[in-house]
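To start, the structure itself, in structure tokens.
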Amino acid sequence: MSSDSSLINQPIFLVGAERSGTTVLRLMLDHHPQIAWCNEFEYAVDRVSETGEWPNLHQYYDWLADHRIFLATGFEIDRALTYPQLVNSFLVQKRDRENKPIVGATVHRHFDRLLRIWPDARFIHLLRDGRDVANSCIVMGWAGNLWTGVERWIEAECLWENLSDRVPAERRVEITYENLISEPVKTLTDLCDFIGVPYNEAMLSYSDKTTYDLPDPKFTQQWRRKFSDAQIQLVESRIANMLKDRGYELSGLPIINISSLTQKRLILQDWWYRWNFRLQRYGLPLFVSDYLSRNIGIMSWQKQVRQEIIAIEKRYIK
């Protein structure tokens, strides 16, 4: 594969916190007849160092060999390519496979590193109410309470603040999940204008081929219906200012102070919840094998355990 002739000069990246609606938006984009979209493209940046150094390629090949999301893509690895050329080739393969002129990908973490590979990339930032994101993270088993459940949202939003300062206004756009759900056609039309293609009604046909429902207002402001006053105060005590800065209305409940002792209790509660969640999902034998194989360092055992975990995780992927 010639990386020079196939270089994607201005790929488009959808960035934002996990559980912020990026999967639904990705499906909408991917159903446009001119747009091909990769899901969860973090494997392109996860192994790039914080200082921007490329990973060792042989170690990267081994890492991808057990990477569930990458393996599902079916992308080929051309070992003659440099690291930037290799990850670029994944976008090329997606574009050519779908026979569409525009290609993009979703990235939830380390997305500031994308500019090291694609200096002229364009960005779509999807923002969702952090209170709903926190609740969704608990449902996924990623957090044990709303205090820790909002951490992924905080990290992604802070990362976007830093990145957006380095990206010219004409190469970035911000939309909210709430607008996408309440006014999907208008929001998608505006988004297509940014991308440079006309809106196509096929973007809202994804529910015919996936398990995801069409936009429904019941998916927004779930925190108002599901949280107790104490839970609302807990999460707002951590992100009230960030919510207001992003145009979200607060509950109106008094902001409470979370003591250092309470924070320690919440962190312990979080650990205990996640520990039990994994135990229930994987079962005791696999749970123990996972712990022991990682701590003893037997690579063949780790690989076998990882494959068993991946098989279980696939059952819960929607």
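For the sequence shown, the UniProt record's numbering assigns the number 318 to the last residue and increments by one with no breaks.
Heads up, the beta-carbon is just placed ideally off N, CA and C, and yes, glycines get one too.
Note to self: Does the contact criterion of 3 or more C-beta pairs under 8 Å hold for the stretch 180-187 versus the stretch 211-227?
What the structure shows: yes
Check: Comparing alpha-carbon positions, which option in E40, N9, W147 lies nearest A72?
Finding: Within the sequence shown, residue 72 is the residue found at index 72, counting from 1. If we check each option's Cα against that of A72, E40 comes out closest.
Check: Do the stretch 145-163 and the stretch 102-118 meet, that is, are 3 or more Cβ pairs less than 8 Å apart?
Finding: yes
Notebook entry, point to check: Based on the DSSP secondary-structure assignment, which residues constitute the bridge partners of W37?
Noted result: Taking the sequence shown and counting its residues from 1, one reaches residue 37 at position 37. DSSP, once it has assigned bridges, lists G104 as partnering W37.
Margin query: Restricting to runs no shorter than 4 residues, where is the alpha helix (DSSP H) found entirely within the stretch 214-276?
Written below: Every unbroken stretch of the alpha helix (DSSP H) spanning 4 or more residues and falling wholly within the stretch 214-276 is given here in chain order: 222-226, 229-245.
Next item on the list: Check whether the stretch 128-136 touches the stretch 229-242, taking contact to mean three or more Cβ pairs, one atom from each stretch, closer than 8 Å.
Entry: yes
Checklist line | Closest Cα partner of V92 within the set G144, E53, P11, L146 | finding: As a first step, residue 92 must be located in the sequence shown, where it is residue number 92. It is P11.
Margin query: Run through the DSSP bridge pairs and tell me what I175 is partnered with.
Written below: Position 175 of the sequence shown, counted from the start, is the residue given in the question as residue 175. Bridge partners of I175: L126.
Check: If you drop the 5 nearest sequence neighbours on each side, which residues of the same chain put their C-beta closer than 8 Å to that of V197?
Finding: As a working note, residue 197 is residue 197 in the sequence shown. Result list for V197: H32, Q34, I35, I102, in chain order.
Checklist line | Segments of 4+ residues assigned as alpha helix (DSSP H) that fall wholly inside the stretch 6-85 | finding: Listed in chain order, they are 22-30, 57-65, 68-73.
Item checked: Under the three-state DSSP convention, the category I298 falls into -> Along the sequence shown, one-based indexing puts residue 298 at 298. Coil, per DSSP.
Note to self: Between W63, S228, R68, D213, which has its C-alpha nearest R315's C-alpha?
What the structure shows: In the sequence shown, counting from the first residue as 1, residue 315 sits at position 315. Of the candidates W63, S228, R68, D213, the one whose C-alpha sits nearest the C-alpha of R315 is R68.
Note to self: Given a cut-off of 7 Å on the beta-carbon distance, is the pair I256 and Q280 in contact?
What the structure shows: Stepping through the sequence shown from its first residue, residue 256 is reached at position 256. Stepping through the sequence shown from its first residue, residue 280 is reached at position 280. Taking 7 Å as the Cβ cut-off, I256 and Q280 do not qualify as a contacting pair.
Note to self: Between G52, R26, S289, G149, which has its C-alpha nearest W301's C-alpha?
What the structure shows: Numbered from its first residue, the sequence shown carries residue 301 at position 301. Cα-wise, what sits closest to W301 is S289.
Next item on the list: Quick one: residues in its chain with C-beta nearer than 7 Å to the C-beta of D4, no 5 flanking neighbours on either side, listed in chain order?
Entry: For the purposes of this step, residue 4 is taken as the residue at position 4 of the sequence shown. Below a pLDDT of 50, predicted positions are generally treated as unreliable, and D4, at 43, falls in that range; no measurement from the model is reported.
Note to self: If the criterion is Cβ atoms closer than 7 Å, does the pair L27 and T106 meet it?
What the structure shows: Within the sequence shown, numbered from 1, the residue matching residue 27 stands at position 27. Within the sequence shown, numbered from 1, the residue matching residue 106 stands at position 106. Their beta carbons are not under 7 Å apart, which means L27 does not touch T106 by this criterion.
Notebook entry, point to check: Leaving out the 5 sequence neighbours to the left and right, which residues in its chain are closer than 7 Å to E308 when beta-carbon positions are compared?
Noted result: Within the sequence shown, residue 308 is the residue found at index 308, counting from 1. So the list reads L286, once near-sequence residues are dropped.
Note to self: Assuming the contact rule is C-beta atoms closer than 8 Å, Y60 and R47 should be a hit. Round their C-beta distance to whole Å, please.
What the structure shows: Within the sequence shown, residue 60 is the residue found at index 60, counting from 1. Within the sequence shown, residue 47 is the residue found at index 47, counting from 1. Going by Cβ atoms, the distance from Y60 to R47 rounds to 6 Å, so yes, they are a contact pair.
Margin query: For P215, which residues in the same chain have their Cβ closer than 6 Å to its Cβ, ignoring the five residues on either side in sequence?
Written below: Counted from its first residue, the sequence shown places residue 215 at position 215. Result list for P215: I181, P184, in chain order.
Checklist line | Boundaries (first-last residue) of the alpha helix (DSSP H) holding V197 | finding: Looking up residue 197 in the sequence shown gives position 197. No alpha helix (DSSP H) contains V197, which DSSP labels as neither H nor E.
Note to self: Does the structure place the stretch 264-278 close enough to the stretch 207-214 that three or more beta carbon pairs sit under 8 Å?
What the structure shows: At 8 Å Cβ cutoff, the stretches do not touch.
Check: Mind checking whether A121 and V87 have CB atoms under 7 Å apart?
Finding: The residue labelled residue 121 in the question sits at position 121 within the sequence shown. The residue labelled residue 87 in the question sits at position 87 within the sequence shown. No, these two residues do not count as a Cβ contact at 7 Å.
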